[in-house]
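Those protein sequence lines, which keep their order, are chains A and B. For the first sequence, counting from 1, position 260 maps to 260 in our numbering; every step adds exactly one. To convert a position in the second sequence, counted from 1, into our numbering, add 1000. A virtual CB, placed ideally from N, CA and C, is assigned to each residue, including glycine.
Number of protein chains: 2
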Amino acid sequence: MPSGAPEREALREAGGGEGLYGLTTALLRAVGEALERGDEARLRELIAPLHAADLADLIERLRGDERHRLVAMAGAIVSGEVFAFIEDDVREAIIRQLDSRDVAAAISDLDTDDAVAVIEDLDPPQQREILDALPDRADRFGVAESLSYPENSAGRLMQREFISLPAFWTVGQTIDFMREAEDLPHDFYEIFVVNPRQEPIGTVPLNSLLRTRRPVRLRDIMGEELHVIAAETDQEEVGYLFDQYDLISAPVVGASGRLIGVITVDDVLDVAREEAEEDIFRLGGVPEADIYRAALQTAGGRFIWLLVNLATAILASFVIYQFEGTIDQMVALAVLMPIVASMGGNAGTQTLTVAVRAIATKDLTVGSIRRVLGKETIVGLLNGIVFAVLTGGVAAAWYGNPALGYVVGGAMIINMLVAGMFGLIIPVVLWRLRIDPATAAGVLLTTVTDVIGFLAFLGLAGMFLL
Amino acid sequence: MPSGAPEREALREAGGGEGLYGLTTALLRAVGEALERGDEARLRELIAPLHAADLADLIERLRGDERHRLVAMAGAIVSGEVFAFIEDDVREAIIRQLDSRDVAAAISDLDTDDAVAVIEDLDPPQQREILDALPDRADRFGVAESLSYPENSAGRLMQREFISLPAFWTVGQTIDFMREAEDLPHDFYEIFVVNPRQEPIGTVPLNSLLRTRRPVRLRDIMGEELHVIAAETDQEEVGYLFDQYDLISAPVVGASGRLIGVITVDDVLDVAREEAEEDIFRLGGVPEADIYRAALQTAGGRFIWLLVNLATAILASFVIYQFEGTIDQMVALAVLMPIVASMGGNAGTQTLTVAVRAIATKDLTVGSIRRVLGKETIVGLLNGIVFAVLTGGVAAAWYGNPALGYVVGGAMIINMLVAGMFGLIIPVVLWRLRIDPATAAGVLLTTVTDVIGFLAFLGLAGMFLL
């Protein structure tokens, strides 16, 4: 048992209420104190027993100056695996602090997919330096070739470490080969069967290999249902494929159809989380996870979205401006108009959320757009009528003016109908234009619902109330 | 090659532009026509070659009456695996149409986790009926016991089919055992090593079993780093554990510490998607994915959220109502007030989105709340100042009234500062109260930003402009 472990148990107990596994507030505090005192022995004692994923979390949670001190004091403990688990921004800061040779040494133990993930976001010169410092020539070539595929493609996600064998090999030969081979992947779950052109033709899960007698040929036990992925395929597509068919790993082929790598489900789990997170952030108008960023960068990152929003808010104000005369005659309109706009915005956001998600999961297809549009129009109309009655009733009672109630109700129906339609139309149009539907859809939608909401309400009021 | 396959290839080509794998618009249309004509042979020819996941998608995409006819014509083709892939609402409709014995026969081939997933949402009497009809007594017991664990717990996710062996067994014994055993799980990636009390003490990935010589004992090759999951653990926690440590499978233990099941990564991939989706839907104010629901149910499902929103919109209107006199004196206020409210809402939503996600990924912990609150306050203040200058400048120029610009700017700073703080405080308070932070946070937040936005703007205007 590594030294420090029992004490870590105690620390874990103390801070266990947070539901974190390897990491606790108490441990974080102890590490902070060791860093403060410059007590290297104590620091190593505390972090040595941590799982790479937990050490990565710990490093993420430190303040910038603490992190710098930790790397200076115990940089060698930051293994390739820790790098692979760490968040991009933080990783870059650490790599900048380390010697390229140390980074290269650390990542040379990783499978290609993880090595690529560690260095893909660095500046080209730094990337070059680390690549050149990789001790193994084959690694150098493999990582460089993976980097030649587009960002977020299968070529970046795949590892080049896999086992491919000809169909005529027997189970016995295969097992003997694996017992003797030196350079096997760290983890693998199936063996690929290839033809003489190195194209994948079948797959043998390890458990069927183990269950089968030695003289049987791979050809006779291999599964022929292959989900072959081209190296250029986008990772979102890869995630969909794994999710759809419950895959554990899948072969990746180059342009010639030759097997060049394998993607495993653990990478896809990360992708699934990232892609869903991306949708969440885009819908919320945040460029990315910025919880570990400093305040100034965070404010800067969020600025653009707010600026776009200011432009659309001013546009909506301009609509109101056209009706200043109307409002001047009946100030109740100013009181009630935000209700109509807000309900349209919310109803539209509901449709938008469902549509963005359905596009991502391929539940919304070109063939079903018309049907879904028809449905969303009806949904908008139904809820429009219900809320027209409710809001109109409230308004009429509030101001003792039935006509005002009718105008509120009429504007509500119009705006919720439009909201339902545009909640679908906007993301679909963005999607067909190959723009991510989550990015700009929200702001476009609220522009529509604000403008239509104010226009319908103040317009109807001008016509029927004054 | 199954009949119909080449034709399906052609169909796939025709509709392949949508990026769907097994399913195309052309195939959907052909199935629709076969259903229309009642051509059972053609129907079977079309759907027989489909992967279970694709057949599930096809069934989901049919209209209610078509679906009914398909099950009536070719119900036997709906295997247990298809049931496992199908979406809840649709599955229930189909099960209602089928005989309990047929459902039982279909799911008896599944691992317990999938069988549980198929029947867990049914009414208790129907569940009972299907359970009783399960041909295998052990299955019946296993599924019933899994159902005794809370919904969304590890006990529901786990499969009871796994291999556990004592540490003194050799690799050779293990391989021979697996070659002879009849009742092995469908897919598995590691073997669990247990002590005489059946508690898990180690794990042997299949690839190390294959790489090791026959006389070696499991004790000598097993990994001791176990991530043991209690059966009551919530699935969100399970997902976090798999994601954090890149697990491929993990042992589940009962209250006594005895190994009772195993959770595999494919189940967790589903959970990860579901949980992220849940956050997306809750943030968007939609109860759940309703793309396959009829319009009336969809409208009903979304009604409650809109009703809550109406209440808060009326509350905000009530604030404006208090300032009717002020607006009456200066109608420009009605034109500009939505800008202040809207910017606060958007800035707050940014913070809220990051906070909700950080709580889910455990990047926000009790220990870091104060630090993040400090940061969000600064971010709110920074962007508040920038947008105060921008919006104040626009307002002052628009109306040629510098004082109006100062009032807009002052209100903007106040509202964006409050928005940043409450964007964090609201989800954190909900989280500590054990309410899902994504659910109610959005509506609470916009209530705050609308009320504060109108109050600050109209209040300052009343004090300094009139």
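Of all Cβ atoms in chain B, is any one closer than 8 angstroms to the Cβ of A/Ala10? By one-based count along the first sequence, residue 10 of chain A stands at place 10. Note on A/Ala10: pLDDT 40, under 50, position unreliable in the model; the coordinate value appears next. For A/Ala10, the answer is no, since every Cβ of chain B falls outside 8 angstroms of its Cβ.
What does B/Arg1302 touch in chain A if you count any residue whose Cβ is under 8 angstroms from its own? By 1-based counting over the second sequence, the position of residue 1302 of chain B is 302. By Cβ distance, chain A contributes Ala347, Gln350, Val379, Asn383.
Compare the beta carbon distance of B/Leu1468 and B/Ala1034 with 8 angstroms and say whether it is the shorter of the two. Because chain B here runs from 1001 to 1466, residue 1468 of chain B falls outside it and cannot be looked at.
Report yes if the C-beta distance between B/Pro1338 and A/Ser256 is below 8 angstroms; otherwise report no. Residue mapping note: residue 1338 of chain B aligns to position 338 of the second sequence, counting from 1. Residue mapping note: residue 256 of chain A aligns to position 256 of the first sequence, counting from 1. Contact flag unset, no.
A/Asp111: which of A/Ile369, A/Ala360, A/Val262, A/Ala341 sits nearest, CA to CA? Taking the first residue of the first sequence as position 1, residue 111 of chain A is located at position 111. The residue with the shortest Cα to Cα distance from A/Asp111 is A/Val262.
Whole-angstrom distance between A/Thr365 and B/Arg1008, CA atom to CA atom: Within the second sequence, numbered from 1, the residue matching residue 1008 of chain B stands at position 8. Within the first sequence, numbered from 1, the residue matching residue 365 of chain A stands at position 365. With a pLDDT of 40 at B/Arg1008, under the threshold of 50, the modelled position of this residue cannot be trusted; read the value that follows with caution. Each residue's alpha carbon lies about 19 angstroms from the other.
B/Leu1020 in three-state terms, based on DSSP: Within the second sequence, residue 1020 of chain B is the residue found at index 20, counting from 1. Bear in mind that the predicted position of B/Leu1020 carries a pLDDT of just 46, short of 50, making it unreliable; the figure below should be weighed with that in mind. If DSSP states are grouped into helix, strand and coil, B/Leu1020 belongs with coil.
Measure from the alpha carbon of B/Asp1089 to the alpha carbon of each residue in B/Asp1123, B/Arg1069, B/Ala1104, then state which is nearest. Taking the second sequence and counting its residues from 1, one reaches residue 1089 of chain B at position 89. Taking the Cα of B/Asp1089 as reference, the smallest distance to any Cα among B/Asp1123, B/Arg1069, B/Ala1104 is reached at B/Asp1123.
Contacting residues, own chain, Cβ-Cβ under 7 angstroms from B/Phe1454 (five flanking each side not counted): In the second sequence, residue 1454 of chain B corresponds to position 454, counting from 1. So the qualifying residues of the chain are Ala1316, Val1319, Ile1320, Met1337, Ala1341.
What are the residues in the segment 22-36 of chain A lying within 7 angstroms of chain B by C-beta distance? Going along the segment 22-36 of chain A in chain order, one finds Thr25, Leu28 with a Cβ nearer than 7 angstroms to chain B.
Contact between the segment 1346-1365 of chain B and the segment 1424-1431 of chain B (3+ Cβ pairs under 8 angstroms): Counting Cβ pairs under 8 angstroms, three or more are found: they touch.
Checking 8 angstroms against the spacing of the C-beta atoms, do B/Val1253 and B/Leu1259 come in under that value? Taking the second sequence and counting its residues from 1, the one referred to as residue 1253 of chain B is at position 253. Taking the second sequence and counting its residues from 1, the one referred to as residue 1259 of chain B is at position 259. Going by beta carbons, B/Val1253 and B/Leu1259 fall inside the 8 angstroms limit.
Could you check the C-alpha separation between A/Phe464 and A/Ala347 for me, to the nearest Å? As a working note, residue 464 of chain A is residue 464 in the first sequence. As a working note, residue 347 of chain A is residue 347 in the first sequence. Approximately 26 angstroms between the Cα atoms of the pair.
Comparing the C-beta of A/Arg67 with each C-beta of chain B, is any distance below 8 angstroms? As a working note, residue 67 of chain A is residue 67 in the first sequence. For A/Arg67, the closest Cβ of chain B is not nearer than 8 angstroms.
Whose C-beta lies closer than 7 angstroms to the C-beta of B/Pro1205 among residues of the same chain, with five residues either side of it excluded? Within the second sequence, residue 1205 of chain B is the residue found at index 205, counting from 1. Cβ within range, chain order: Tyr1189, Glu1190.
Let me see if you follow: with CB-CB separation under 8 angstroms, is A/Ser411 close to chain B or not? By one-based count along the first sequence, residue 411 of chain A stands at place 411. Note on residue identity: the sequence assigns Ala, not Ser, to residue 411 of chain A. Taking Cβ atoms only, chain B never reaches closer than 8 angstroms to A/Ala411, which makes this a no.
Which residues, in order along the segment 189-214 of chain A, keep a beta-carbon less than 9 angstroms from a beta-carbon of chain B? Going along the segment 189-214 of chain A in chain order, one finds Tyr189, Pro205, Leu206, Asn207, Leu209, Leu210, Arg211, Thr212, Arg213 with a Cβ nearer than 9 angstroms to chain B.
On the premise that B/Gln1097 lies in contact with B/His1051, defined as a C-beta separation below 8 angstroms, what is that separation, rounded to the nearest angstrom? Stepping through the second sequence from its first residue, residue 1051 of chain B is reached at position 51. Stepping through the second sequence from its first residue, residue 1097 of chain B is reached at position 97. The beta-carbon separation of B/His1051 and B/Gln1097, rounded to 23 angstroms, does not stay under the 8 angstroms limit for a contact.
List, in order along the chain, the chain B residues whose C-beta lies closer than 7 angstroms to that of A/Ile175? The residue given as residue 175 of chain A occupies position 175 in the first sequence. Chain B residues near A/Ile175: Leu1210.
Neighbourhood of A/Ser153 by C-beta, 7 angstroms cutoff - its chain only, sequence neighbours within 5 removed: One-based indexing of the first sequence puts residue 153 of chain A at position 153. In its chain, beyond the 5 residues on either side, Ala231, Glu232, Thr233, Asp234, Gln235 have a beta carbon closer than 7 angstroms to the beta carbon of A/Ser153.
Nearest candidate by alpha-carbon position, reference B/Gln1159, set B/Leu1134, B/Asp1187, B/Trp1169, B/Ile1359: For the purposes of this step, residue 1159 of chain B is taken as the residue at position 159 of the second sequence. Considering only B/Leu1134, B/Asp1187, B/Trp1169, B/Ile1359, the residue with the shortest C-alpha distance to B/Gln1159 is B/Asp1187.
A/Ser368 - partner residues in DSSP beta bridges: Translated into the one-based positions of the first sequence, residue 368 of chain A becomes position 368. None, per the DSSP bridge assignment.
Measuring straight from C-alpha to C-alpha, what distance separates A/Phe192 and B/Glu1040? The count along the first sequence starts at 1 and reaches residue 192 of chain A at position 192. The count along the second sequence starts at 1 and reaches residue 1040 of chain B at position 40. Taking the straight line joining both Cα atoms gives about 38 angstroms.
Look up A/Asp109 in the DSSP assignment and say whether it is helix, strand or coil. As a first step, residue 109 of chain A is located in the first sequence; it is residue number 109 there, counting from the start. If DSSP states are grouped into helix, strand and coil, A/Asp109 belongs with coil.
Buried or exposed (CB count within 10 angstroms, at least 16 for buried), A/Thr449: Stepping through the first sequence from its first residue, residue 449 of chain A is reached at position 449. With 16 or more other Cβ atoms within 10 Å, it is buried.
Identify, in the order they occur along the chain, each residue of the same chain with its Cβ nearer than 6 angstroms to the Cβ of A/Glu376, setting aside the five sequence neighbours on each side. Residue numbering aside, residue 376 of chain A sits at position 376 when the first sequence is read from its first letter. Hits under 6 angstroms: Thr351, Gly420, Leu424.
Per DSSP, B/Glu1182 is paired with what? By one-based count along the second sequence, residue 1182 of chain B stands at place 182. Bridge partners of B/Glu1182: none, in fact.
Excluding sequence positions up to five away, which residues of its chain have a Cβ less than 7 angstroms from the Cβ of B/Gly1004? In the second sequence, counting from the first residue as 1, residue 1004 of chain B sits at position 4. Caution is warranted here: a pLDDT of 38 is assigned to B/Gly1004, below 50, making its placement in the model unreliable, and the coordinate value is therefore given only provisionally. Non-local beta-carbon contacts of B/Gly1004 in its own chain, meaning distances under 7 angstroms to residues more than five positions away in sequence, involve Glu1045, Leu1046, Ala1048, Pro1049 in chain order.
Proximal chain B residues relative to A/Asn309, where beta-carbon distance stays under 8 angstroms: Locating residue 309 of chain A in the first sequence gives position 309, counting from the first residue. Those are Ser1342, Met1343, Asn1346, listed as they occur along chain B.
Are the segment 1296-1305 of chain B and the segment 1428-1438 of chain B touching by the rule of at least three beta carbon pairs closer than 8 angstroms? Fewer than three beta-carbon pairs drawn from the segment 1296-1305 of chain B and the segment 1428-1438 of chain B are found closer than 8 angstroms, and the two stretches are therefore not classed as touching.
Hey, is the segment 1209-1226 of chain B in contact with the segment 1172-1181 of chain B, meaning 3+ C-beta pairs nearer than 8 angstroms? Counting Cβ pairs under 8 angstroms, three or more are found: they touch.
Is A/Ala53 buried or exposed, if buried means 16 or more other CB atoms sit within 10 Å of its CB? Here residue 53 of chain A refers to the residue found at position 53 of the first sequence. Classification of A/Ala53: buried, given that the 10 Å Cβ count is 16 or more.
Quick check on B/Ile956 - is its C-beta less than 8 angstroms from some C-beta in chain A? No answer is possible for residue 956 of chain B: it lies beyond the span of chain B, which begins at 1001 and ends at 1466.
Presumed contact (8 angstroms Cβ cut-off) between A/Val407 and A/Leu460, rounded CB distance: Mapped onto the first sequence, residue 407 of chain A falls at position 407. Mapped onto the first sequence, residue 460 of chain A falls at position 460. About 5 angstroms separates the two Cβ atoms, so the contact holds.
A/Leu373: which of A/Leu283, A/Leu417, A/Glu274 sits nearest, CA to CA? On the first sequence, position 373 is the one that residue 373 of chain A refers to. When C-alpha distances from A/Leu373 are compared across A/Leu283, A/Leu417, A/Glu274, the shortest belongs to A/Leu417.
Excluding five sequence neighbours on each side, which residues of the same chain lie with their C-beta closer than 7 angstroms to the C-beta of A/Val82? Walking along the first sequence from the start, residue 82 of chain A turns up at place 82. Here the set comprises Ala52, Leu55, Ala56.
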